Amino acid sequence: MAAPLVTRHDLTISALTLRTADFPSRVRAAAQAGFTGIGLSVDHYLQARASGLTDRDMAAMVAEHGLRINEIELLKHWARPETHTREELEADNALLRMAASLGVSRIHAGLFEPHTLPDLVAGFRAVCRRALDAGATVGLEFMPFSGIRDLGRVRRIIEEAAQPNAGIILDTWHIARAHTPPGLLESLPADLVVNVQLNDAGPVPFADLREEGRHHRLLPGEGRIELTELLRLLRRNGVQAPYSVEVLSDELDAHDPAETARRAYGATCRVLDAALG
100 MAAPLVTRHD
110 LTISALTLRT
120 ADFPSRVRAA
130 AQAGFTGIGL
140 SVDHYLQARA
150 SGLTDRDMAA
160 MVAEHGLRIN
170 EIELLKHWAR
180 PETHTREELE
190 ADNALLRMAA
200 SLGVSRIHAG
210 LFEPHTLPDL
220 VAGFRAVCRR
230 ALDAGATVGL
240 EFMPFSGIRD
250 LGRVRRIIEE
260 AAQPNAGIIL
270 DTWHIARAHT
280 PPGLLESLPA
290 DLVVNVQLND
300 AGPVPFADLR
310 EEGRHHRLLP
320 GEGRIELTEL
330 LRLLRRNGVQ
340 APYSVEVLSD
350 ELDAHDPAET
360 ARRAYGATCR
370 VLDAALG
């Protein structure tokens, strides 16, 4: 049976959905599939620069294909920066320069090491102020295997940092694997959410959630997360944040980027049609 027809949606394909693609392949695949934006990691950016592309070249290629670079990632050395190496700090500095040079409106941040709440708040406040100079919002993401493991923690950091360009990224895999209560999502101020990342998960969590999260996510609608209910809940709560597709998958990595992008766009649009149509 043919897949149901889908409505065109304004969607970004995140950097790690096409994590093995070079920059030109990433851009072509996203445009051909129907995406309106792409994400870029600092590693992908540096690879593109090493291949001979300038920032101007990248911006022109994206514009030529009718796309935008909507998000870049991942700021992860911002809590107690004095404990990190020069190379680690330079990776974060590169992201801030990328935002300014490429006109990217959203930088994604996370953290893998545990830190005290005061260090998290102070570090996040400082990096948001630096991003404001680049004209970018900083979206902070909780991950159940990281130093910021749940929605309550990430909300407290953002509220205490009190920066106008700070917000929360909601990733559906993280929501599910962190066992996030619906009530916590319902009580979340809608304007704090700056991005919703869509993906799916199998019926049984891996013993090692980091292994699952980095290698075995599923396309939206192909797993057991109740995405329709979750998206309707967010919409009822007034969340109007843009959607991205972030599916870290070894299985998808084995395919041509154009095939991965096509599958990701179609699967995600069918979920959005069912939930919001």
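Take the position in the sequence shown, starting the count at 1, then add 99; the result is the number in my numbering. C-beta: ideal position from N, C-alpha, C; glycine also. On a predicted model such as this, the values are computed, not experimentally measured, just so you know.
Selection from the options that minimises the alpha carbon distance to residue i
i       : options                               : result
Ser-343 : Ala-120, Ser-124 and Gly-138          : Gly-138
Lys-213 : Met-242, Ile-274 and Arg-224          : Inspection of the sequence shows that residue 213 is occupied by Pro rather than by Lys. Looking at the Cα atoms, Met-242 is the closest of the given residues.
Ile-268 : Arg-309, Pro-341 and Asp-372          : Pro-341
Leu-332 : Lys-175, Thr-271, Ala-208 and His-354 : Thr-271
Leu-283 : Tyr-364, Pro-356, Ala-363 and Val-253 : Val-253
Arg-276 : Gly-320, Gly-312, Ser-286 and Leu-287 : Gly-312
Leu-173 : Gly-165, Leu-188, Asn-264 and Phe-134 : Leu-188
Gly-246 : Ala-199, Arg-309, Val-370 and Glu-285 : Arg-309
Glu-325 : Ala-114, Asn-336, Asp-142 and Thr-279 : Thr-279
Glu-259 : Pro-180, Val-346, Leu-216 and Val-293 : Leu-216
Val-346 : Val-338, Tyr-364, Gly-337 and Arg-335 : Tyr-364
Leu-210 : Val-220, Arg-224 and Ala-178          : Ala-178
Ile-168 : Ser-150, His-143, Pro-180 and Glu-186 : His-143
According to DSSP, residues forming a beta bridge with residue i
i       : result
Glu-240 : Ile-268
Glu-172 : Ser-140
Arg-167 : Gly-136
Ser-348 : His-315
Arg-229 : Answer is none; Arg-229 lacks a bridge partner.
Neighbour-count burial assignment, residue i, 16 or more Cβ in a 10 Å radius
i       : result
Ala-101 : With a pLDDT of 45 at Ala-101, under the threshold of 50, the modelled position of this residue cannot be trusted; read the value that follows with caution. Label assigned to Ala-101: exposed.
Ala-374 : buried
Thr-184 : exposed
Ser-348 : buried
Val-303 : exposed
Leu-194 : buried
Pro-356 : buried
Asp-191 : buried
Arg-369 : buried
Thr-359 : buried
Span of the beta strand (DSSP E), counted from its first residue to its last, around residue i
i       : result
Ile-247 : Where Ile-247 is concerned, there is no enclosing beta strand (DSSP E), given that its DSSP letter is neither H nor E.
Val-292 : 292–297
Val-344 : 342–344
Leu-110 : 110–112
Arg-205 : 205–208
Endpoints, the alpha helix (DSSP H) within which residue i is located
i       : result
Ala-366 : 356–375
Asn-192 : 185–201
Arg-85  : Outside the modelled stretch of the chain, which goes from 100 to 376, sits residue 85, for which no answer is possible.
Pro-281 : 281–285
Leu-326 : 326–335
Taking contact to mean at least 3 C-beta pairs separated by less than 8 Å, is the stretch 203–210 in contact with the stretch 223–242?
yes
| query | At a cut of 8 Å, does the stretch 107–127 reach the stretch 156–168 through at least three beta carbon pairs? | reply | yes
Q.
With three or more C-beta pairs closer than 8 Å as the rule, is the stretch 294–302 touching the stretch 313–327?
A. yes
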